[in-house]
Each structure stands twice: as structure tokens, then as C-alpha cells.
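All remarks here apply to the structure that follows.
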Amino acid sequence: MREFLIAGNWKMNGSIAASEELAAGIVAGMPEGGGFRVLVCPPFPYLAAVSRQLEGSAVALGAQNVSAHKAGAHTGETSPSMLKDVGCEFVIVGHSERRAMYGETSVQVATKFQAAQANGLTPILCVGETLQEREAGTTESVINEQLDAVLDAAGVVAFAAAVIAYEPVWAIGTGKTATPDQAQDVHRHIRARLAEEDSALAESVQILYGGSMKSENASGLLAMPDIDGGLIGGASLQASDFLAIAGAAAQG
Ligand code: 13P
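Residue numbers (my numbering): 606 to 857.
Now the structure itself:
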């Protein structure tokens, strides 16, 4: 039985004080019950401050990106062991903003995925198509290319200790959410692709939905059989909004 994972991607927002307040608000308002986990992914400079706020709570810490390298002359980069050191359990890799704006290729993303796992971090691998790709009918092939880079590099077994997030690019920050059926179709496809390699393992992998997820649409999305949580941007920046989504998972 898969648990829900409700993850907040704070992106490049906030300050030390705002991050501490948001983290404290989430800890204080965590819904009762089991069957779900909550994760926050603040910007790098605030990881340590947020880590302190989360101490002793059930809320996990993650980062938004990671270097594929261990240490050394990589100005401006952050290694997996540094993220572990500061208390991270998860790291997002291959977010569409990094692929589109910073030129990250699927092969580079696969390298980051492996580096994260090698250091005991759970990678959250983001995949998703643009509107143009969806309209051209290439959604599944785009996602296959993104998944296959990791399957080729790390093998299907690597997904036993990883999370996938389906984030249609056209739904990110646009207020346009995929309908539960649209999202479910792609989630089912992702699971089927993994099942071609290992059907039991495919059943255990958490696949999150991301793209304008909010309290109003969370229950409908989380009710779908292959949707195991959310990767939430805008609605993760207010404790009450984010907790409402966690509440939907707690009831689901
Ligand atoms: P929004 O929830 O703001 O659409 O962002 C989704 C996202 O990109 C999470 O990684």
C-alpha cells in the first residue's frame, strides 16, 4: 500500500524569517493520522534554519536541486553530502524549470539522481510535457525519454528508493490544473513503463502530481488510483493552504 507524499516546493521565495514562520506553521498544524508524509523543499540558504524548525516533527526536509559531483572546484554548486549534512532526506531533480531555463538534459538529471541516491537522499524525479508537446500528441514519448535516461543509467531497481513527480509544464504556475483523468492517464502510463521492467516494484513507486495543485482540487486528484501525492509550488507558500492539501491526503 502506497502512502501519500505531500511535498512543498518553495522555489526561489522567502527569507530566513518567512521560511522559519512557514515551517513552524506547518509543524504546528500537521493533520492527525497516518498514511501520508509531508515534505518541504526550501531554497538552499534556508535549509539549515528550516531544518531546526522541523526537528522532532514528522515533516521531512528536501532540497530543490543538487550537484552530481562529490566535492571540489564546482563554484556555486551544492553536493549531495552537504544536503545530507544539513538534514535533507529528499531532493528534487529534473524540475522543468531547471530543464527549460538552465538547460539540464535528461542524462544530466539521471546523473544527479544517482549521486543523490549514492548519498542516501531520495530523489524526486520530475517529468512532464509542454503544452506544445501535449497538443502534438507526444506526451508519452516525452515522458518515456525522461524516464528512460534514469532507467538506462540506474536500472529499474533504483526506483525502489525514489519518487516520481508528473508535472505537466502547462499546469505549473498557470492556475490550469490537469483534470484528475488527464493526470491519472499519465500516472498510469508512468507506472506501466516501470512495470515493463519490474511489475512489483512499479506498484510500490510513489508518483506525485504537480501543477497548480491546491486545496480545491487536491481531493479529486488524490482520489485517482495512480496519484500518490502532490508536488506543490504556489499553494505551499502559505501554511494554511499547504495544510489543507495535507488534510486531504490524511482523509484519503
Ligand atoms: P505550482 O503549484 O505553483 O503550479 O508549481 C508546481 C511545481 O512546479 C512544483 O514543483
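Note that the Cβ used here is the ideal one computed from N, Cα and C, for glycine as well. Every value quoted in this text rests on a predicted model; they were computed, and no experiment measured them.
Limits of the beta strand (DSSP E) - the one that residue i falls within
i, result
"residue 730", "727-732"
"residue 713", "Per DSSP, residue 713 belongs to no beta strand (DSSP E); it is in the alpha helix (DSSP H), 711-723."
"residue 847", "From DSSP, residue 847 is part of no beta strand (DSSP E) but of the alpha helix (DSSP H) over 844-856."
"residue 613", "609-614"
"residue 835", "834-837"
"residue 698", "695-698"
"residue 673", "Careful: residue 673 lies outside any beta strand (DSSP E) and carries neither H nor E."
"residue 777", "Counting along the chain, residue 777 falls outside any beta strand (DSSP E), and DSSP gives it neither H nor E."
"residue 770", "768-771"
Cβ pair residue i, residue j closer than 7 angstroms
i, j, result
"residue 696", "residue 714", "no"
"residue 625", "residue 654", "yes"
"residue 762", "residue 733", "no"
"residue 636", "residue 851", "yes"
"residue 666", "residue 642", "no"
"residue 787", "residue 829", "no"
"residue 701", "residue 683", "no"
"residue 644", "residue 612", "yes"
"residue 628", "residue 659", "yes"
"residue 712", "residue 656", "no"
Where the alpha helix (DSSP H) through residue i begins and ends
i, result
"residue 752", "744-759"
"residue 663", "Neither: residue 663 is in no alpha helix (DSSP H) and is coded neither H nor E."
"residue 688", "685-690"
"residue 822", "820-827"
"residue 789", "785-800"
"residue 810", "Where residue 810 is concerned, there is no enclosing alpha helix (DSSP H), given that its DSSP letter is neither H nor E."
Cα-Cα separation, residue i to residue j
i, j, result
"residue 670", "residue 784", "28 angstroms"
"residue 816", "residue 608", "20 angstroms"
"residue 650", "residue 838", "18 angstroms"
"residue 614", "residue 768", "14 angstroms"
"residue 731", "residue 801", "20 angstroms"
"residue 617", "residue 779", "17 angstroms"
"residue 849", "residue 805", "32 angstroms"
"residue 744", "residue 764", "21 angstroms"
"residue 652", "residue 827", "28 angstroms"
"residue 777", "residue 677", "34 angstroms"
"residue 716", "residue 760", "12 angstroms"
Assumed close pair residue i, residue j - CB separation to whole angstroms, cut-off 8 angstroms
i, j, result
"residue 836", "residue 799", "Not quite, the Cβ-Cβ distance comes to about 18 angstroms (not below 8 angstroms), so this is no contact."
"residue 834", "residue 811", "6 angstroms"
"residue 726", "residue 675", "About 13 angstroms separates the two Cβ atoms, so there is no contact after all."
"residue 741", "residue 685", "So it is not a contact: roughly 36 angstroms between Cβ atoms."
Contact test: residue i Cβ vs the ligand NAP heavy atom, cutoff 6 angstroms
i, result
"residue 662", "Within the structure as shown, the ligand NAP is missing, the only ligands being the ligand 13P."
Pair every Cβ in the stretch 809-820 with every Cβ in the stretch 836-849, then say whether three or more of these pairs are closer than 8 angstroms. yes
When the Cβ atoms of the stretch 752-770 are set against those of the stretch 791-810, are three or more pairs found closer than 8 angstroms? yes
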